[in-house]
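Worksheet: one structure, shown below.
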Amino acid sequence: MSGLSLARVVYRGLLRGTRRLETQLVRHGAGPDVFPEADCSALKELLPGYRAAMLNAGPRAALNRLIGDKFRLPAAAPDPDAAAAGRDDAATTPATASALASAATAAAAPESTAAAAAAATWVAAAADADVSRRLDDSMAALRYLSRRVFNLEQLASDRRSDTVTSGIRVTAESNLVPSKSNPRDDSYFYEYAITITNETRDEPVQLVSRYWEVCDEEGRKQHVRGHGVLGAQPVLGPGEVFTYSSLSGLRSLKGSMKGEYQFVGLTSCQLLDVAVGAFALSPARAVAARKGKGRRTSGGRGVGEKESTSEEEEVEIEIEIAE
């Protein structure tokens, strides 16, 4: 594949990426700060005016315009590959304006055959260098865009989940805890409330272990495993409900959690893997009062962190982080 053909493929990939990004921004209710800080700095170098355009035109319109201005060059001579294939875009091969001007000058008044050949060689080299530079920039921009879209697609968008497995219902809901969060230190804490109901099983079941996968918006993941919850392994008879709440920490503002509890049927001795559907760890889109009760437990905590089980007592929680 020629450099120009590859540039065209990357350019179209960028435009498709902006469409996917817009879908995720609507899904997550995100504002103009759609890229992590490090990526924003890099994009400002690749796409000058990125930040102002995002604020004024919206993410997709701004990125489309900036990508077009930066990477789509003026039309030039017909593309031999396209012409041979009979495509309509045969006359839209990118080329630099300076290269076109130089080529026109050399063709109009060559001083000698040697001078004309030298001018043609310089024009070709300049065009190749410009295409190569733009191709490198466009591939870097595509990398940032694709990574961001992929990470957003992996995150849950709803702060609540409701899942039923083998007759056991698990609901989860999260809320940001501003008093424990510190943006300057890239430290954000979310409280999540869990309700487990033995809904349709005709035997008592006992919760014996838990597993959590916690992912932040930059793609970093934690895997948390532990025995029971609240330092115990509760038993739920038919129709009984168990609730608790805990904290989970992130290094970025947004993320999501999903997991699994393992139960054992006390009559059948059957092992049951009960899913906890993915739920978002993100600030509420609208401010609303929330009241809730429950005891705190260890689910989703980091190594060595402390968890309060009452107003007066703190206990250290030990868990295993799977690499």
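For the numbering used here, count along the sequence shown from 1 and bump the result up by 29.
Glycine included, each C-beta is placed from N, C-alpha and C at the ideal position.
Judged by their CB atoms, GLU242 and LYS287 are nearer to each other than the 8 Å cut-off. It is roughly 22 Å from the alpha-carbon of VAL237 to the alpha-carbon of PHE308. Between TYR273 and LEU282, the CB-CB gap reaches or exceeds 8 Å. Cβ-Cβ distances below 8 Å link ALA71 to ALA169 and TYR173 in the same chain, with the five nearest sequence neighbours on each side left out; the list follows chain order.
Membership of SER285 in the beta strand (DSSP E) is indicated by the continuous run 284-294. Nearest in C-alpha terms to THR52, of all of SER297, PRO207, PHE179 and LEU75, is PHE179.
For LEU75, the enclosing alpha helix (DSSP H) has its first and last residue at 66-75. Under the three-state reduction of DSSP output, GLY46 falls in the helix class.
In this model, ARG48 and ARG162 are separated by some 25 Å (Cα to Cα). Comparing alpha carbon positions, the residue from VAL303, ASP214, LEU43 and PRO267 closest to ARG177 is LEU43. Annotation for GLU202: the continuous beta strand (DSSP E) segment containing it runs 197-205. Cβ contact annotation for THR224 (same chain, cutoff 6 Å, sequence separation greater than five): THR200 and THR272, in chain order.
ARG213 counts as exposed, since fewer than 16 other C-beta atoms from the protein chains shown sit within 10 angstroms of its C-beta. With a 10 Å radius around the Cβ and a threshold of 16 neighbouring Cβ atoms, GLU182 comes out exposed.
Taken through DSSP and simplified to helix, strand or coil, VAL63 comes out as coil. The beta carbon of ASN93 lies closer than 6 Å to those of THR47 in the same chain, with the five residues before and after it left out. Separation of LEU54 and PHE64 (C-alpha to C-alpha, rounded to the nearest whole angstrom) is 11 Å. Closest option to GLY278, judged by alpha-carbon separation, among GLY306, GLU228, CYS298 and TYR219: TYR219. Take ASP68, set aside five residues on each side of it, and the residues of its chain with a beta-carbon closer than 6 Å to its own are TYR173, in chain order. For SER208, the number of other beta carbons within 10 angstroms of its own is below 16, and it is reported as exposed.
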